[in-house]
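Student: Got a structure for you, written out below as structure tokens; questions coming shortly.
In our numbering, the protein residues as written are 1 to 260.
In structure tokens:
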């Protein structure tokens, strides 16, 4: 074989060898690509399964939460219905005892007029957070004020009472102002200390006097004595602990401020 022929043969063999190497490389690359795509597909299928499982879990959770919320709402509405029915029965019984009964506690004519006026006014204030804002002088009215609050609370009346409602660490004046604004009626427990005048009681009375639903309760003072403190209050009827017990006064007030 001539030198040229041998050279050409070597070139052909080298090219064949290079083609085989390229084909082998391409096959390996394709194998890797196919393996990568297979792993990607497997990963995507796994992710889809996990996403589907998570979606099912969230849907089940949301359905469970929705069921629980409906149950709580139904229970709350049932409770409100029971409370309203109980309040209606309480009011009916109070009115029967106070306005119809021939014996036992009854409204006097002036108390009846006050109760009717307050009742007519609070009907339009059903959106208020409190039924009554109770204003008193702590020095001599705390015990009677707390007793009034407890009896009213037992009758379903929502009472703003500083000893219970005031949140420590927050502005007392702002909390009292909010209480005054959110109350359907104002109850003023007039005692000797209240009549003598204190900063807080004067401020509260000044705000309550603008309410047509002001309910005076006199304890240890007379209307003549109150007249020396305010020329406005004697024009209003009121309840007196010298005539009725605190419990009876609470019943009369509850009948006036609770909706029928």
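C-beta: ideal position from N, C-alpha, C; glycine also.
(1) Looking at the unbroken beta strand (DSSP E) that takes in residue 137, where does it start and where does it end?
(2) What does the Cβ neighbour count give for residue 131, buried or exposed, with the cut at 16 atoms within 10 Å?
(3) Let me make sure I understand the geometry here. Which of 120, 246, 239 has the alpha-carbon closest to that of residue 109?
(4) Pick from 228, 237, 196: whose alpha carbon is nearest that of residue 212?
(5) Would you tell me roughly how many angstroms separate the C-alpha atoms of residue 67 and residue 113, rounded to the nearest one?
(6) Could you tell me the boundaries of the alpha helix (DSSP H) in which residue 250 lies?
(7) Need the endpoints of the beta strand (DSSP E) that residue 184 sits in, please.
(8) Can you tell me which residues form a DSSP beta bridge with residue 216?
(9) Out of 56, 35, 49, 111, which one is the CA nearest neighbour of residue 214?
(10) Tell me whether residue 122 sits in a helix, a strand or coil according to DSSP, three-state version.
(11) Round the Cβ separation of residue 189 and residue 107 to the nearest angstrom and send it over; I've been treating them as touching at under 8 Å.
(12) Once DSSP output is grouped into helix, strand and coil, what is the label at residue 159?
(13) For residue 61, is the classification buried or exposed, using 16 other Cβ atoms within 10 angstroms of its Cβ as the cut-off for buried?
(14) Please report the straight-line C-alpha distance between residue 40 and residue 52, rounded to a whole angstrom.
(15) Among all the DSSP beta bridges, which residues are the ones paired with residue 35?
(16) Name the DSSP bridge partner or partners of residue 240?
Tutor: Taking the definition as stated:
(1) Run containing residue 137: none; DSSP gives neither H nor E here.
(2) buried
(3) 239
(4) 237
(5) 49 Å
(6) Where residue 250 is concerned, the enclosing alpha helix (DSSP H) starts and stops at 246 to 257.
(7) 183 to 190
(8) 188
(9) 111
(10) helix
(11) Not quite, the Cβ-Cβ distance comes to about 19 Å (not below 8 Å), so this is no contact.
(12) strand
(13) exposed
(14) 18 Å
(15) BP columns for residue 35 are empty, so no partner.
(16) 218
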